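Asker:
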Amino acid sequence: MPQHWLFKTDPDSFAFDDLWRAKKRTSGWDGVRNHQARNFLRDSVRVGDLVLVYHSSSDPVGVAGVARIASAPRPDPTQFDRKDDHHDPKSSRAAPTWVEVDVQALAQCPHFVTLAELRAEPRLAGLLVLRPGQRLSIQPVEAADFAVVLELAGLRPSDLGS
DNA sequence: GCCAACGTTGGC
DNA sequence: GCCAACGTTGGC
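Mapping the first sequence onto the numbering used here, position 15 (from 1) lands on 72, and the numbers just tick up by one.
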């Protein structure tokens, strides 16, 4: 059984649409610079897991699409790139601090699910992203909650089939 | 732009 | 190890 996740992104730098238009609809999910989020990527995420792609700091805020994990974790190249915003001078190629995984877009949400709509759905009371102060950019999602979000988005599980 | 909630840094 | 200062996140 796949696990389910919510990945946050600022669409000004990388939107779901950018992933949708990428070659093979696949891109490395780089730039994660929080240890707890990194641990999820490194230790818990598996190929085939399903991901809600969430747009933060935007108008509107909410779930834009669904993707799948498409690779094992590997060192995030941006940590070694001095010109990158995510450059980390304390990391080394011998012992990389940060990892990325490939994600592949599976479906755009026919209906973009706003944060207000998530909050208004009683069945999603346990969704982590709705908790005050929850800033983690990689969050686990319960299978039942994932199914509810799909429903709000106008997607069926079969829409995610490859 | 504001500001609450967190995480990190650094002096001690 | 404590904790104040500071920086970042992210909704509004």
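Glycine residues also receive a C-beta, built at the ideal position from the N, C-alpha and C atoms.
In this text, all values refer to a predicted model and were calculated from it rather than measured experimentally.
Since Gly122 and Cys166 are thought to touch, with beta carbons under 8 Å apart, how far apart are those beta carbons, to the nearest angstrom?
Answerer: 6 Å
Asker: Using DSSP bridges, identify the partner residues of Gly119.
Answerer: Bridge partners of Gly119: His112, Thr171.
Asker: Nearest CA to the CA of Ala210: which residue from Leu193, Asp202, Val170?
Answerer: If we check each option's Cα against that of Ala210, Val170 comes out closest.
Asker: Alpha carbon to alpha carbon, how far is Val120 from Phe137? Give it in angstroms, no decimals.
Answerer: 31 Å
Asker: Can you tell me where the alpha helix (DSSP H) with Ile205 in it begins and where it stops?
Answerer: The sequence as given places Val at residue 205; Ile does not occur at that position. From DSSP, the alpha helix (DSSP H) with Val205 extends over 200–210.
Asker: Hey, would you say Leu63 sits closer than 8 Å to Gln196, going by beta carbons?
Answerer: yes
Asker: CA-CA distance, Arg125 and Val108?
Answerer: 6 Å
Asker: Thinking C-alpha only, which one of Val118, Ala164, Arg99 is nearest Thr83?
Answerer: Minimum Cα-Cα distance from Thr83 among the listed residues Val118, Ala164, Arg99 corresponds to Ala164.
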